[in-house]
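In full-length UniProt numbering, the protein residues as written are 1 to 145.
As structure tokens, the structure follows; a few thoughts come after it.
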Amino acid sequence: MSCADAGTKPVRRIDVFTGAGQRRDWSDEEKAAIVAESYSGLESACAVAQRHGLSHAQLFTWRRKLREMGLAKSDATPTEPAFVPAIVEPSIIEKKPRTKRKRSRSFGKAIPAIELEIDGVSVRIAKGADARTIAAVIDALKGGA
Numbered sequence: 001m002s003c004a005d006a007g008t009k010p011v012r013r014i015d016v017f018t019g020a021g022q023r024r025d026w027s028d029e030e031k032a033a034i035v036a037e038s039y040s041g042l043e044s045a046c047a048v049a050q051r052h053g054l055s056h057a058q059l060f061t062w063r064r065k066l067r068e069m070g071l072a073k074s075d076a077t078p079t080e081p082a083f084v085p086a087i088v089e090p091s092i093i094e095k096k097p098r099t100k101r102k103r104s105r106s107f108g109k110a111i112p113a114i115e116l117e118i119d120g121v122s123v124r125i126a127k128g129a130d131a132r133t134i135a136a137v138i139d140a141l142k143g144g145a
């Protein structure tokens, strides 16, 4: 807000700090837990910071430093994709005697190559699916969580 706007626009938020305002010393484990919580997507990073008595700037500084530490350890570049662990469960295939059957109209449908489960929602991604479409679906699922 510029000086010209002073008094003409309503105040959006006022923070009132009570107490002596002493410096707190956070352990690395506490910082990592708060940063992980801020990435959960359940609430905004600023809300997480406020709940823990931090300024949002302090939380974003912790997030940046932890990202930089992670990049330095793995020698990765910021544009490289990050991967999550995948759990592969073997499928149980029952052997049945082969019988001749008519080809159904579903012949030629793509078999899912990847299956994601996010908060109880299952998404099957076929081989050759467009990366932008997949990213949009995953973003929509994150937003609905």
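Note that beta-carbon positions come from the ideal geometry of N, C-alpha and C, so glycine has one too.
Helix or strand or just coil, what does DSSP make of residue i?
| i | result |
| --- | --- |
| V43 | One point to set straight first is that residue 43 is Glu, not Val, in the sequence displayed. E43 falls in the coil class under three-state DSSP. |
| A136 | helix |
| L141 | helix |
| E117 | strand |
| L54 | coil |
| I49 | According to the sequence as given, residue 49 is Ala; it is not Ile. A49 falls in the helix class under three-state DSSP. |
| D130 | coil |
| R23 | coil |
| E89 | coil |
Rounded to whole angstroms, what is the Cα-Cα separation between residue i and residue j?
| i | j | result |
| --- | --- | --- |
| K65 | V123 | 33 Å |
| T77 | G70 | Annotation note: pLDDT 49 at T77 (below 50); position unreliable, coordinate value reported separately. Each residue's Cα considered, the two are about 10 Å apart. |
| L42 | S91 | 33 Å |
| D139 | V16 | 35 Å |
| A32 | P85 | 19 Å |
| A113 | S38 | 31 Å |
| E68 | A49 | 20 Å |
| A45 | R13 | 16 Å |
| R23 | G143 | 35 Å |
| A47 | T8 | 27 Å |
| V137 | S40 | 18 Å |
For the candidate residues the options, whose alpha-carbon lies nearest to that of residue i?
| i | options | result |
| --- | --- | --- |
| L141 | K127, G120, E37 | G120 |
| L59 | G128, I34, P10 | I34 |
| E117 | A136, A129, I87, R67 | I87 |
| D25 | G53, Y39, V137 | G53 |
| D28 | I134, W62, A45 | W62 |
| E89 | E68, E115, A47 | E115 |
Against chain D, with Cβ distances strictly below 8 Å, would residue i count as a contact?
| i | result |
| --- | --- |
| S91 | Note that chain D does not occur in the displayed structure, where there is just one protein chain. |
Considering just the uninterrupted stretch of the beta strand (DSSP E) at residue i, what are its terminal residues?
| i | result |
| --- | --- |
| V11 | That residue, V11, is in no beta strand (DSSP E); it is neither H nor E in DSSP. |
| A126 | 121 to 126 |
How would you write the range of the alpha helix (DSSP H) that residue i sits in, first residue to last?
| i | result |
| --- | --- |
| residue 147 | Residue 147 falls outside the range modelled here, since the chain spans only 1 to 145, and no answer is possible. |
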